[in-house]
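Notes follow the structure.
There are 2 protein chains.
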Amino acid sequence: MTNRPAVRPLDEVDRALISAVQADGRATLATLAETIRLSVSATRTRLRSLEEHAVIRDYRARVEPEALGYSLRAIVRMKVHGSLYDKVTATLAVQPQIVRCLRVTGEFCYVMEIVATDMSDLEKITSELARVGSITTDLIYEIVADRPIPLPHD
Amino acid sequence: MTNRPAVRPLDEVDRALISAVQADGRATLATLAETIRLSVSATRTRLRSLEEHAVIRDYRARVEPEALGYSLRAIVRMKVHGSLYDKVTATLAVQPQIVRCLRVTGEFCYVMEIVATDMSDLEKITSELARVGSITTDLIYEIVADRPIPLPHD
DNA sequence: GCAGGATGCCGCAGATTCTGCGCCGATTCC
DNA sequence: GGAATCGGCGCAGAATCTGCGGCATCCTGC
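Just so you know, the protein sequences line up as chains L and H, in that order. Take the first sequence: its position 119, counting from 1, is numbered 119 in the numbering used here, and each next residue is one higher. Take the second sequence: its position 97, counting from 1, is numbered 1097 in the numbering used here, and each next residue is one higher.
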């Protein structure tokens, strides 16, 4: 029942289904069935299978941060000396405004994306991060692209 | 009908609703109604309103890139000389594996996140990007956090 | 060949959910 | 006070989802 790496080789119909549900997470089984040209039952079986095998992780509504009052976004890169990874984890736990955190190769250990209501809010968070490691902060002008994962060989 | 910036000040019930639907994008109206302690009709009215006002942008299934065959992820930062922004846009259009692209302040103009099947696949994309500007590529070890937007004052 | 098993698709019927609509109480404004 | 607006409520019909059982196809071993 745990996630095993794609038992089935993911045929063309699966890809179409994934693509459809990635584009519209609330699409009805009937709609999905129509786009992948299968019956509702078969569509459901395949969708459930993809969910079980954790090919489809979950469904989420995407909200507009500005509408919630976050007028600022930033990318923070952080260097951490030694193994203070626990400290990073602890900081993440208490800072929900760090909406994304990646551990990466290169000069910096972590790359994070942060939402903030204003400059002082941002500074509050970055200064907290600066207690863990040395950081570089860049503001985000614009989100140029934010796309679903493409299906191989397109 | 177009998106205006949150006509209503977003009361506590709205926040709860947003939070619920961000956690589970397929949650049923009855379920949502139960968690925010409102009738189904009222829940629906509020949800529709949030969608209309583009507070809730859309719903998406989130897929596991590895299950689709992408065993590599990378962060690419890019410097662009002069105004070659059109060129960036053009590259984005033909490279769906660039799943996210941000325009930022600082030394680099753009920060991108890329999925790739393997090293040669990654190199294909980065070399294409290198024709537009000078780039720095860092591989992603691990996604430490990937969270919904938090609701202010939590 | 052919019985047995497994797989994947189909469609049905009951349960659940969604939708459009009208009603009602509270608040505001003349 | 009366009228209008707003937000919530619940109903009834439509749409959707769910749990089955049936059927065709494809293997596999005898």
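Glycine included, each C-beta is placed from N, C-alpha and C at the ideal position. All values reported here derive from a predicted model rather than from experimental measurement.
- Contact between Gln22/L and Arg1060/H holds, with the beta-carbon distance rounding to 6 Å and staying under 8 Å.
- Look at Leu1129/H: its C-beta is not under 8 Å from any C-beta on chain L.
- Following the DSSP letters along the chain, one finds Asp138/L inside the beta strand (DSSP E) bounded by residues 134-146.
- Judged by DSSP in its simplified three-state form, Ile125/L adopts helix.
- Under the 8 Å criterion on CB atoms, Gly1106/H is classed as interfacial with respect to chain L.
- Under the 10 Å beta carbon count, Tyr1070/H is surrounded by 16 or more other beta carbons and is classified as buried.
- Secondary structure of Asp58/L (DSSP, three-state): strand.
- Annotated as distal: Val1132/H and Ile75/L, with beta-carbon spacing of 8 Å or more.
- When DSSP assignments are scanned along the stretch 1031-1104 of chain H, the uninterrupted stretches of alpha helix (DSSP H) that are 4 or more residues long and fall wholly within it turn out to be 1040-1052, 1085-1094.
- With respect to Glu64/L, Ala1090/H sits apart: the two C-beta atoms are not nearer than 8 Å.
- The three-state secondary structure of Ile1149/H, taken from DSSP, is coil.
- Membership of Ala116/L in the beta strand (DSSP E) is indicated by the continuous run 110-116.
- Here DSSP, grouped into helix, strand and coil, assigns Ala1027/H to coil.
- CA-to-CA, the gap between Val1115/H and Ser1039/H works out to about 43 Å.
- If you draw a 10 Å sphere on the C-beta of Thr1043/H, you find 16 or more other C-beta atoms in it, and that means buried.
- Judged by DSSP in its simplified three-state form, Glu1107/H adopts coil rather than helix or strand.
- An exposed status is given to Glu107/L, since fewer than 16 other beta-carbon atoms sit within 10 Å of its beta-carbon.
- With 16 or more neighbouring CB atoms inside 10 Å of its own CB, Met1078/H falls in the buried class.
- Between the beta-carbon of Leu1151/H and that of Leu68/L there is about 7 Å, and that keeps the pair under the 8 Å contact cut.
- Per DSSP, reduced to three states, the secondary structure at Leu10/L is coil, with no helix or strand assignment.
- Judged by DSSP in its simplified three-state form, Arg1015/H adopts helix.
- Of Gln1095/H, Leu1047/H, Ala1027/H, the smallest CA-CA separation from Arg1015/H is found for Leu1047/H.
- Around Glu1064/H, the beta-carbon contacts reaching into chain L at under 7 Å are Ala54, Val55, Arg57.
- The shortest CA-to-CA distance from Arg1103/H to any of Ser19/L, Ala145/L, Ser120/L, Glu66/L is the one to Ala145/L.
- Considering only Ile1143/H, Leu1072/H, Leu1084/H, the residue with the shortest C-alpha distance to Ile1125/H is Leu1072/H.
- Counting only Cβ-Cβ distances below 8 Å, Glu1142/H has contacts in chain L at Leu102, Arg103, in chain order.
- When the beta-carbon positions are compared, Glu1066/H and Gln1095/H stay at least 8 Å from each other.
- With a beta-carbon spacing of about 6 Å, Ala1027/H and Ala1020/H fall inside the 8 Å limit used to define contacts.
- Residue environment analysis places Gly1025/H among the buried positions, since at least 16 neighbouring C-beta atoms fall within 10 angstroms of its C-beta.
- Burial state of Thr137/L is buried, judged by a 10 Å Cβ sphere holding 16 or more other Cβ atoms.
- Glu123/L is classed as exposed because its beta carbon has fewer than 16 other beta carbons within 10 Å across all chains shown.
- Tyr141/L and Ser120/L have their C-alpha atoms some 18 Å from each other.
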